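Number of protein chains: 2
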Amino acid sequence: MKALYAQSGGVTSVINASAYGVIDEARRNGLEIYVGINGVTGVLKEKFLDATELDIEFLRYTPAGAFGSCRKKLKSESDIEKLFEIFRKNDIRYFFYNGGNDSMDTAWRLQMEAQKRGYELKVVGVPKTIDNDLPHTDHCPGYGSAAKYIAIAMMEAALDLRSMYVDSTQVFVMEIMGRHAGWLAAAAALGWVNGIGADIVLLPEEPFNKDEFIAAVDNVVSKKGHCAIAVAEGLKYPDGFFVSDMGFTDSFGNRQLGGVGFTIAGMVRSELGLKTHVAIPDYLQRSGRHIASATDVQEAEMCGRMAVRYALEDNYGVMVTMERISDDPYEIRYSSVPLNLVAEQTKMLPKDYFDKFTVTEKFFRYALPLIQGEFYPPFKNGLPDYKLLDLK
Amino acid sequence: MKALYAQSGGVTSVINASAYGVIDEARRNGLEIYVGINGVTGVLKEKFLDATELDIEFLRYTPAGAFGSCRKKLKSESDIEKLFEIFRKNDIRYFFYNGGNDSMDTAWRLQMEAQKRGYELKVVGVPKTIDNDLPHTDHCPGYGSAAKYIAIAMMEAALDLRSMYVDSTQVFVMEIMGRHAGWLAAAAALGWVNGIGADIVLLPEEPFNKDEFIAAVDNVVSKKGHCAIAVAEGLKYPDGFFVSDMGFTDSFGNRQLGGVGFTIAGMVRSELGLKTHVAIPDYLQRSGRHIASATDVQEAEMCGRMAVRYALEDNYGVMVTMERISDDPYEIRYSSVPLNLVAEQTKMLPKDYFDKFTVTEKFFRYALPLIQGEFYPPFKNGLPDYKLLDLK
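So the sequence lines, in the order shown, correspond to chains P and A. Take the first sequence: its position 47, counting from 1, is numbered 47 in our numbering, and each next residue is one higher. Take the second sequence: its position 33, counting from 1, is numbered 33 in our numbering, and each next residue is one higher.
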């Protein structure tokens with residue numbers, strides 16, 4: 001009787017802490033724990049790694065998916081058939097899937113299929129997404145660290161801008177991940193708690209009005225001489241059209257995508273004649289383990305442990321959730337929600353967390369506890385001593 | 001009799017550590033130390049800050065120019081006339097200018113003009129540039145921290161890529177600062193010392209050949225399935241034309257600049273049909289104080305102190321330099337070089353530090369000592385407790 005753990009979807013800087021939690025808790029409870037390489041993609045090829053004796057300490061501080069992730073959605077009947085053949089052959093009776101919305105859909109699908117086939121399988125989802133957009137949980141492991149990364153990056157860039165604006169760049173734009181929800185972009189304002197942060201935050205939840213935006217930048221610049229802007233890649237016009245569609249193709253004929261930062265900066269340059277700079281942290285924001293939130297690392301590990309405990313208590317077909325009991329002092333309680341209530345749902349930033357181009361006090365109360373504490377990785381040769389498994 | 005310190009040019013995460021060194025050393029030696037706001041731009045407006053009693057502890061850990069920087073070049077006779085009027089009026093007899101190539105030109109100009117006018121002024125330059133391209137010094141304060149930032153960012157992004165390549169992104173491109181020299185882009189390979197880094201490094205020193213580049217990417221991807229690329233913004237074709245010129249204007253009619261990362265990614269997409277992601281850390285790499293090199297912070301401070309000591313020893317009209325005595329154990333000695341030998345010169349990456357798309361063992365021996373040690377800023381509310389002066 002084996003337990004299987006696998007990672008899925010876009011990675012985070014603390015997903016491996018959840019792996020650590022699952023593996024350690026499984027071993028403490030006498031489960032034979034295996035890991036699928038590259039999520040269900042590897043499971044379909046029987047690519048397993050026996051983790052019963054694996055040295056797992058490195059999982060607590062190494063970012064990204066140590067066991068490989070995947071984007072695969074389980075759609076075809078033959079894939080599902082194949083998967084259950086493999087489960088049966090290996091006597092896999094527990095499946096812990098660590099991912100976001102799509103992965104919870106896969107987990108749910110497998111739980112249903114197991115029931116249909118009369119195959120005893122206990123599936124528990126471990127939440128993970130920097131996007132923080134899973135419903136029925138206060139927040140998601142991975143978000144706190146990405147939010148901390150973004151808040152610090154914006155503080156440092158804003159200090160840079162403040163030094164240079166007199167006769168160089170006046171407007172700095174940082175393009176932040178988040179195609180659907182603005183949780184991450186909003187984090188660019190958190191630095192204000194220490195005196196410096198994004199002056200303007202452009203969220204997918206707030207339809208973009210160019211005239212109002214330009215007026216807002218003009219207003220900030222006329223007051224202090226410079227303006228730091230955070231823009232979510234999913235920023236949309238009122239008609240739902242993405243602002244990131246730059247309206248042209250590059251020299252190789254490819255449609256220019258993902259350039260919302262450049263689009264926004266271009267508007268500022270042409271409308272206000274100001275000098276601009278654009279940063280796109282891209283993967284850096286989701287794998288920036290060197291500045292992870294200690295709270296996030298601990299919670300990611302605990303979500304992994306809870307998944308195992310729930311399965312052993314016969315609470316399965318669920319995803320682990322966190323319920324907030326109190327903001328200050330910060331306190332959460334672990335709980336669970338049926339997978340089908342999470343699958344393919346998206347939690348947007350609540351309306352009272354933002355106000356036009358800024359975030360509200362309510363957002364600060366929500367987000368600040370999630371970025372508390374530093375848990376630095378060990379260093380060797382002046383660089384983090386991250387470890388790699390051979391996944392071939 | 002006063003001493004004046006000012007910051008100039010693009011900032012770094014440790015330029016304030018040099019300010020700390022200058023101010024503290026000046027005070028220890030009984031000098032009345034003033035700081036010019038926004039470099040010579042502020043000095044021309046008599047915008048001074050009396051630093052004789054200033055609490056300067058925050059300068060050791062706050063990035064960017066705490067006193068404001070500028071891009072101004074002293075060209076006009078009337079500006080120079082004005083400056084000496086102000087110097088005379090305030091009895092300024094020492095001038096410490098903290099900057100890069102252009103700033104050392106300004107410092108040299110002022111030293112010459114003082115001599116011409118029979119005005120007793122001792123000018124000493126304090127080196128600073130993340131570009132690391134000042135001649136006659138082994139390296140420049142600011143470089144070690146930016147190099148450390150870039151090495152870590154590339155390690156983390158490469159781990160991310162390695163997790164995702166099976167059915168998502170195969171090629172990651174990071175666009176790195178450096179219009180003339182490839183010192184910073186080369187740092188993206190340093191992570192290999194701990195097992196992961198950039199597979200391909202594109203430097204301004206190596207004329208870009210698209211066919212060879214595409215073949216190199218194809219080779220890496222066919223071997224391991226994914227490829228992490230670092231590209232310097234100053235990458236050029238053999239005819240000197242910048243690769244970053246994307247060959248089109250944006251929807252607002254502005255020429256699209258600084259997009260070398262997107263250009264390179266576009267080539268990979270269209271020639272090899274691989275999925276790509278692009279990161280542009282921009283200001284984040286030069287103001288990323290949260291992950292500064294302790295060696296760099298200490299040396300930046302010491303360069304500031306040495307500037308004061310040299311001036312007091314009547315060794316002026318010079319810039320502070322660092323001479324390397326040994327790589328292992330790492331040892332340097334402080335020295336000085338006449339300002340006119342530094343002004344407007346650029347030190348390129350030596351030919352034996354790189355080899356086509358990679359860096360050599362020699363570069364590792366050179367760069368690794370510069371990124372050693374961590375000197376974290378203090379944290380408050382989960383974020384660095386950076387301090388801001390009111391510069392108005």
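All residues carry an ideal CB built from backbone N, CA and C; glycine is no exception. Nothing here was measured: the structure is a model prediction, and the numbers come from that model.
- Between the stretch 127-136 of chain A and the stretch 172-185 of chain A, the count of Cβ pairs shorter than 8 Å is three or higher; the stretches touch.
- Within chain A, no C-beta atom comes nearer than 9 Å to that of residue 170 (chain P); the closest sits roughly 12 Å away.
- Contact with chain A is found for residue 290 (chain P), since one of that chain's Cβ atoms lies less than 9 Å from the residue's Cβ.
- Neighbourhood of residue 148 (chain P) in chain A, by CB distance below 8 Å: 382 and 383, in chain order.
- In this structure, P:321 is the residue among P:370, P:321 and P:290 with its C-alpha nearest to the C-alpha of residue 304 (chain P).
- With its beta carbon less than 9 Å from one in chain P, residue 38 (chain A) belongs to the interface.
- Counted as a single uninterrupted DSSP element, the beta strand (DSSP E) harbouring residue 97 (chain P) occupies residues 92-99.
- Each residue's CA atom was taken as its position, placing residue 347 (chain A) and residue 173 (chain P) some 31 Å apart.
- For residue 7 (chain A), the nearest beta carbon of chain P is closer than 9 Å to its own beta carbon.
- With a beta-carbon spacing of about 15 Å, residue 281 (chain A) and residue 186 (chain A) fall beyond the 8 Å limit used to define contacts.
- Under the Cβ criterion of 9 Å, residue 262 (chain P) is counted among the residues facing chain A.
- For residue 61 (chain A), the closest of A:84, A:91, A:54 and A:17 by C-alpha to C-alpha distance is A:17.
- Restricted to the stretch 9-64 of chain P, the beta strand (DSSP E) segments that are unbroken, complete and at least 3 residues in length are 32-36 and 48-50, listed in chain order.
- For residue 372 (chain P), the nearest CB of chain A lies under 9 Å from its own CB, placing it at the interface with that chain.
- In the DSSP annotation of this structure, the continuous segment of the beta strand (DSSP E) that includes residue 321 (chain P) starts and ends at 318-327.
- Against chain P, a Cβ distance below 8 Å from residue 76 (chain A) picks out nothing, because the smallest value is about 15 Å.
- For residue 227 (chain P), the enclosing beta strand (DSSP E) stretches over residues 227-232.
- DSSP links residue 374 (chain A) through a beta bridge to A:293.
- Cβ atoms of residue 44 (chain P) and residue 79 (chain P) come within 8 Å of each other, at about 6 Å.
- When secondary structure is reduced to three states using DSSP, residue 7 (chain A) falls in the strand class.
- Excluding the 5 residues flanking it on each side, residue 31 (chain A) has same chain C-beta neighbours closer than 6 Å at 3, in chain order.
- Here the stretch 102-109 of chain P makes no contact with the stretch 308-316 of chain P; the two share fewer than three CB pairs at distances below 8 Å.
- In this structure, the CA atom of residue 296 (chain P) is about 10 Å from the CA atom of residue 369 (chain P).
- With fewer than 16 other Cβ atoms from the protein chains shown falling within 10 Å of its own Cβ, residue 52 (chain P) counts as exposed.
- Looking from the CA of residue 110 (chain P), the closest CA among P:151, P:82, P:136 and P:135 belongs to P:82.
- Under DSSP, residue 174 (chain P) shares a beta bridge with P:230 and P:279.
- Residue-level contact by beta carbon holds for residue 281 (chain P) and chain A, with a gap shorter than 9 Å.
- In this chain, residue 122 (chain P) is not harboured by any alpha helix (DSSP H); it is covered by the beta strand (DSSP E) spanning 122-127.
- At a cut-off of 9 Å between beta carbons, residue 376 (chain P) contacts chain A.
- Classified as exposed, residue 333 (chain A) has fewer than 16 neighbouring CB atoms from the shown chains inside 10 Å of its CB.
- If you look at residue 333 (chain A), you'll find it in the beta strand (DSSP E) that goes 330-338.
- Residue contact check for residue 49 (chain A) against chain P: no CB pair falls below 9 Å.
- Comparing alpha carbon positions, the residue from A:385, A:343 and A:362 closest to residue 74 (chain A) is A:343.
- Looking at the DSSP output, residue 274 (chain A) shares a beta bridge with no other residue.
- Its Cα nearest to that of residue 144 (chain A), the residue A:288 stands out among A:288, A:355, A:310 and A:46.
- Rounded to the nearest angstrom, the gap between the Cα atoms of residue 299 (chain P) and residue 167 (chain P) is 45 Å.
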